[in-house]
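Residue numbers (my numbering): 3 to 311. Below is one structure; the comments refer to it alone.
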Amino acid sequence: AVDAVYFNGANSDTTWLVCGTARRKNNLVNGFLYLKIADFSDCLLFSPRLPDTCMWQTDDELGWYEAEGLRLTPVVPMKKWKIEYQGVMRFENDPSQEMQVKLEAFWTTNLPYYNFATDMDPKSVARAMAKELWSREYFQNLKKYHQTHYEHFGTLEGTVHIDDHSFSLSVDCMRDHSFGDQRNWKNFHRYIMHFVHLENGDRITVGVICMPVTFSWLEVGFITKSKEKRNIPITFVDFDLYQHGEQGNPPTDYALQFRTDENMYTMKVRVVSGPEFYIGQESECRIVEQLCRFEVNGLKGWGAAEWQY
Numbered sequence: 003a004v005d006a007v008y009f010n011g012a013n014s015d016t017t018w019l020v021c022g023t024a025r026r027k028n029n030l031v032n033g034f035l036y037l038k039i040a041d042f043s044d045c046l047l048f049s050p051r052l053p054d055t056c057m058w059q060t061d062d063e064l065g066w067y068e069a070e071g072l073r074l075t076p077v078v079p080m081k082k083w084k085i086e087y088q089g090v091m092r093f094e095n096d097p098s099q100e101m102q103v104k105l106e107a108f109w110t111t112n113l114p115y116y117n118f119a120t121d122m123d124p125k126s127v128a129r130a131m132a133k134e135l136w137s138r139e140y141f142q143n144l145k146k147y148h149q150t151h152y153e154h155f156g157t158l159e160g161t162v163h164i165d166d167h168s169f170s171l172s173v174d175c176m177r178d179h180s181f182g183d184q185r186n187w188k189n190f191h192r193y194i195m196h197f198v199h200l201e202n203g204d205r206i207t208v209g210v211i212c213m214p215v216t217f218s219w220l221e222v223g224f225i226t227k228s229k230e231k232r233n234i235p236i237t238f239v240d241f242d243l244y245q246h247g248e249q250g251n252p253p254t255d256y257a258l259q260f261r262t263d264e265n266m267y268t269m270k271v272r273v274v275s276g277p278e279f280y281i282g283q284e285s286e287c288r289i290v291e292q293l294c295r296f297e298v299n300g301l302k303g304w305g306a307a308e309w310q311y
């Protein structure tokens, strides 16, 4: 079983925060924190266990999204969360250099969430299912490996203390929540997800997932129209995984197209930073997190791409 919460936030100045806690059985939490404060350094700070993400909860931490100094707390359901961290962080380019970091921030939103189980466009799901060999086992696997997964865009604001320095934190931020009976990373072949914040206030999630036990080719995503406070499902993604980073090195300058029932979009991606980490007690899953600059139909944007191997 798994119960995972994840935050990924950025702004136009390339300040960046990525953190997550995935609660598993036997006190295991797959947890991590990346932090880049533009006013402090161009270098990325990361939590001390990285690239390993196996954290262990104490008995007092059980039942919370918390381990080893990182704590994610729901305050108002679907409206407000608190993110806290207190402990050592290290520089990406010099892991021997340690900084004492205290983070306290609140994620808030007035936007609608997007539930991938109920809000996806039927055409993209039907297209994915049509590519598979149907059998009793196939449909049993669809049921067996189903997870509830939703994503929710908002803003994250707070304060970061790094040694004797204090900085304000203000980023556009996506939160997601996944839970289910099964999460075996060995079932995944690859995926790519983009989390984009545009200068007009709109937000985008778009990607392709290859999990052969259920869908070997699933196009996913949505656009949050901030002014209208509504989500629009993405119906088609023109991006071939086998042509991009198949040998383990994700591209750093590329483009893709996708569409909804209303519009076609062309998105350019340029990577600023790309740390990586491993998930699983056997380190069976490798994740590359990329801080990115985007351009979508002429609009500038910022955010992240996440590649799974």
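Glycine included, each C-beta is placed from N, C-alpha and C at the ideal position.
Just verifying my parser: in three-state terms, what is the DSSP assignment at residue i?
i	result
residue 126	helix
residue 244	helix
residue 132	helix
residue 189	helix
residue 48	strand
residue 158	strand
Starting from residue i, trace the alpha helix (DSSP H) in both directions and tell me its first and last residue.
i	result
residue 145	138-146
Which residues in the same chain have their Cβ closer than 7 Å to the Cβ of residue i, if we skip the five residues on either side of it in sequence?
i	result
residue 159	107, 108, 171 and 172
residue 156	109, 110, 111, 113, 175 and 177
residue 187	281, 282, 286 and 287
Starting from residue i, follow the beta strand (DSSP E) in both directions and report where the run begins and ends.
i	result
residue 88	82-93
residue 279	278-281
residue 178	167-182
residue 233	232-235
residue 224	217-227
residue 255	255-261
residue 5	4-12
residue 284	Neither: residue 284 is in no beta strand (DSSP E) and is coded neither H nor E.
residue 19	18-25
residue 307	301-310
residue 64	Unbroken run through residue 64: none, as it is neither H nor E.
residue 30	30-38
residue 106	100-110
Tell me, please, whether the CB atom of residue i is closer than 7 Å to any CB atom in chain B?
i	result
residue 168	Included in the structure is just one protein chain, with no chain B present.
Using a Cβ-Cβ cut-off of 6 Å (strictly less than) and excluding sequence neighbours within five positions of residue i, which residues of its own chain qualify?
i	result
residue 123	235 and 237
residue 132	none
For residue i, count neighbouring C-beta atoms within 10 Å of its own C-beta (all shown protein chains included) and say buried if the count is 16 or more, exposed if not.
i	result
residue 120	exposed
residue 209	buried
residue 244	exposed
residue 302	exposed
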